[in-house]
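Data block below; observations after.
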Amino acid sequence: MSGKRSSPPPSSNKKIIIYAIIGIVAVAGVSATFLAGGTPSGGQQSMSSSQADSIAKFKAQFCGPDPKANSNTYVAEKVLPSECQMPLSLSVDNDGRVWYVSTKQGILGSYSLADNKFAQYQVPQWPVRDNPIEFNMSWATKTDSKGNVWFTDNNELLWRFNTTSGTFDMFKTPATDPISFDFDSDGNIYLVGVRSKSLFFGDLSKMKPGTAEGFTEIKLPLDAFAGIDNFRISSGSVTVDRERNVVWTSVLAFQLKGVIYKYDVEKNQTSLYNLPQELTSPVGMTVDKDGNLWGTDHGTSIFFMLDPSDGKVTEYTTSVASPKIFGGTMPPSAYTLPYWIATAPDGRIWFNQHEGNKISVFDKNTKMLTEYWIPSQNKLWANCPDNASSCGIANALQMSVGPQGQVWFTEWSENKIGTVKTDAQVPFTVSIPNDEVTVKRGDSAEIKVNVNAQGAFNGSAVASGTFTLNGALGNSTGIFSEQNISIPANSSKQVSFVFTPAGDLAPGQYTLMLGAQNDEVSVLKAVRVDVV
């Protein structure tokens, strides 16, 4: 819950925020970046040289030149069959195919899990396909009950691909820069656009290809954003709770305000939930089996649960970003940026850490968070020291959970897709006998952490908390009795964590995440901390 937090300064790696949160003017932004400074004088030869340099820079930054299918114990990658695809949105269908959209080449691709084969279908209309330094954005792909594949196009379009006939239908949308959509129980569509602060309903029986017919606008009350420049206000995403016939959507003013809306379809009524002041970038959303809303804040390291019955928000945090991302350094602005989120058939909550370079799963029943390290890093997407051997991120911008629990994600700048090997067992577990503590400022609380190793474990203890926006403890302190942990197979070890809240920490409810990690995986247990 809310309290006085220590807030590190905004990340200096602005391009991640610009491309991932705003998602607009991407084409213009890239063109300006690579053509900045104008064309030097000297005739056609100089112009050609400048253009060639721009293309080379673009390919290095966005195309994943010479990609390799890296893997570790828990994550495996697949290199796409065509170069410079810039895959973004994806979805896993009922037939075991992973569908993804190439934002550069305008390709709808599929990967068969059974055959280990790719197929590619060219989208009929993709204007940037022939421009070497431009791309579209396609943030959402979903398959409907008939097996058709739907995906967004930032040119105010929504596409449908008929997997039986191999043909495309294009629908115009009233949403500006469509970013997210979902189906209701009848196959109708709810849609939001980055620059449209409304919810749109698409009646499938009335939608006609080539037109925007069949769409109606559902206005959202935006009084909570009074006084904020309209350009800073954008939609995050939408998700449909088909069991309860309600639609959830988020609206945000980055670094200023975050609001969640619940639209009751039968009552034609919208409810508003103001998020705590630190949650200003609610983007990904999913509903669990109990009707609670889970969301990510793509401006911090926080993910959260909203209880619709009373509006209470419970915050959790990822582990602190790995120094491997920054070449061994640890800048104060090291956020993990949880992004998109989905509920698996078993009820667990999956999400991608955009800048944390991990795919994560949270068990809401046990309050356990498991984080899997992505084995690719691009140094051009972080502020890397010149001599860094390990630095950067894979730009895992989207993820999807399939009907059999398959977890896949895209690596936008690496020309790859990846999967979590969900059948690979983590060789250690974490348990905490007392997962609720109360501590006064000026006092300390000791928390026992048990690490149980099924296989030999060599790693370290790890702690993070919601006391700051990036998971660090801030002015509070936390000390493990042992930082480096070695445990033989089939053995256990108990370590102590002594937590002392900062004197200026506001009274309130916070969450500590305590556990253990190695180079490939981390396991953390949530502990409720009441500071009085």
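Residues in the sequence shown are numbered consecutively from 1, following full-length UniProt numbering. For every residue, glycine included, the Cβ atom is placed at its ideal position computed from N, Cα and C. From a predicted model like this one, the values you see are computed outputs, not experimental measurements.
For residue i, the nearest candidate out of the options (CA to CA)
i, options, result
"lysine 440", "Asn470, Gly405, Ala502, Ile485", "Ala502"
"serine 492", "Asp443, Ala175, Ala461, Thr429", "Thr429"
"valine 449", "Arg242, Leu293, Ser389, Met513", "Met513"
"valine 101", "Phe118, Ala516, Asn484", "Phe118"
"methionine 137", "Met285, Asp182, Asn162, Leu88", "Leu88"
"aspartate 290", "Pro308, Ile189, Ile359, Leu204", "Pro308"
"glycine 193", "Ile479, Gln61, Thr173, Ala56", "Thr173"
"asparagine 452", "Ala516, Asn484, Val462, Gln404", "Ala516"
"asparagine 357", "Thr249, Thr366, Pro323", "Pro323"
"tyrosine 263", "Leu279, Ile218, Trp126, Phe497", "Ile218"
"alanine 382", "Gln406, Tyr335, Asn352, Asp423", "Tyr335"
"tryptophan 294", "Gln277, Lys267, Tyr261", "Tyr261"
"valine 240", "Ile228, Pro276, Asp186", "Asp186"
"glutamate 482", "Phe168, Phe497, Asp297, Tyr316", "Phe497"
"tryptophan 412", "Ser49, Glu77, Gln51", "Glu77"
"tyrosine 111", "Ala224, Glu278, Phe409, Arg244", "Phe409"
"glutamate 520", "Val75, Ser390, Ile233", "Val75"
"leucine 108", "Asp115, Tyr121, Arg160, Phe362", "Tyr121"
"phenylalanine 457", "Ser522, Gly478, Ala388", "Ser522"
"aspartate 229", "Val495, Met305, Arg195", "Arg195"
Separation of residue j from residue i, as counted between CA atoms
i, j, result
"threonine 470", "threonine 300", "Note on identity: in this sequence residue 470 is asparagine, with threonine being the wrong assignment. Approximately 6 Å between the Cα atoms of the pair."
"histidine 354", "leucine 524", "19 Å"
"serine 180", "glycine 258", "17 Å"
"proline 385", "lysine 59", "22 Å"
"isoleucine 302", "glycine 459", "24 Å"
"alanine 526", "proline 132", "47 Å"
"proline 345", "serine 333", "35 Å"
"proline 8", "valine 98", "Confidence is the limiting factor: at proline 8 the pLDDT is only 47, short of 50, which leaves the residue's position unreliable and the question unanswerable from this model."
"glycine 311", "glutamate 134", "42 Å"
"threonine 152", "proline 178", "6 Å"
"glycine 23", "threonine 176", "Legend: pLDDT at glycine 23 = 40, less than 50; position of this residue unreliable, value from coordinates given subsequently. Approximately 11 Å, taken between the alpha carbons."
"tryptophan 248", "asparagine 274", "13 Å"
"asparagine 292", "lysine 57", "45 Å"
"residue 533", "cysteine 84", "With the chain represented from 1 up to 532, any question about residue 533 goes unanswered, as that position is not in the structure."
"glycine 508", "lysine 197", "33 Å"
"serine 50", "cysteine 391", "29 Å"
"leucine 256", "leucine 222", "14 Å"
"leucine 157", "glycine 405", "29 Å"
"alanine 396", "threonine 317", "18 Å"
Assigned exposure category for residue i - 16 Cβ within 10 Å defines buried
i, result
"alanine 69", "exposed"
"glutamine 425", "exposed"
"lysine 208", "exposed"
"histidine 66", "Reading the sequence as shown, one finds aspartate at residue 66 and not histidine. Under this definition aspartate 66 is an exposed residue."
"proline 403", "exposed"
"aspartate 443", "exposed"
"lysine 142", "buried"
"phenylalanine 231", "exposed"
"alanine 489", "exposed"
"lysine 206", "exposed"
"isoleucine 485", "buried"
"threonine 39", "Residue confidence for threonine 39 is low, a pLDDT of 37 falling below 50, so the modelled location carries little weight and cannot support an answer."
"asparagine 378", "buried"
"tryptophan 150", "buried"
"residue 542", "With the chain running from 1 to 532 in the structure shown, residue 542 is simply not present."
"threonine 164", "exposed"
"glycine 478", "buried"
"asparagine 154", "buried"
"glutamate 278", "buried"
"methionine 330", "exposed"
"aspartate 130", "exposed"
8 Å Cβ cutoff met for residue i and residue j
i, j, result
"isoleucine 349", "isoleucine 393", "no"
"lysine 421", "serine 376", "no"
"methionine 170", "glycine 210", "yes"
"valine 529", "tyrosine 510", "yes"
"isoleucine 341", "glycine 418", "no"
"isoleucine 189", "leucine 199", "no"
"glycine 455", "proline 433", "no"
"lysine 168", "proline 127", "Checking the sequence shown, residue 168 turns out to be phenylalanine, not lysine. No."
"serine 476", "phenylalanine 499", "yes"
"glycine 202", "phenylalanine 215", "yes"
Anticipated Cβ contact below 8 Å, residue i with residue j, distance rounded
i, j, result
"serine 281", "phenylalanine 254", "6 Å"
"glutamate 371", "serine 431", "Contact flag wrong, Cβ pair sits at about 17 Å."
"serine 360", "serine 91", "Contact doesn't hold; Cβ gap of about 19 Å is too wide."
"glutamate 414", "glycine 64", "4 Å"
"phenylalanine 265", "valine 287", "Residue identity check: residue 265 is valine in the sequence provided, not phenylalanine. Incorrect: roughly 14 Å between the Cβ atoms, too far for contact."
"threonine 468", "glycine 474", "4 Å"
"threonine 366", "proline 338", "Threonine 366 to proline 338, Cβ: 19 Å. No contact."
"leucine 252", "serine 234", "6 Å"
Beta carbon proximity, residue i to chain C, threshold 8 Å
i, result
"serine 237", "Absent here is chain C; the protein component of the structure consists of one chain."
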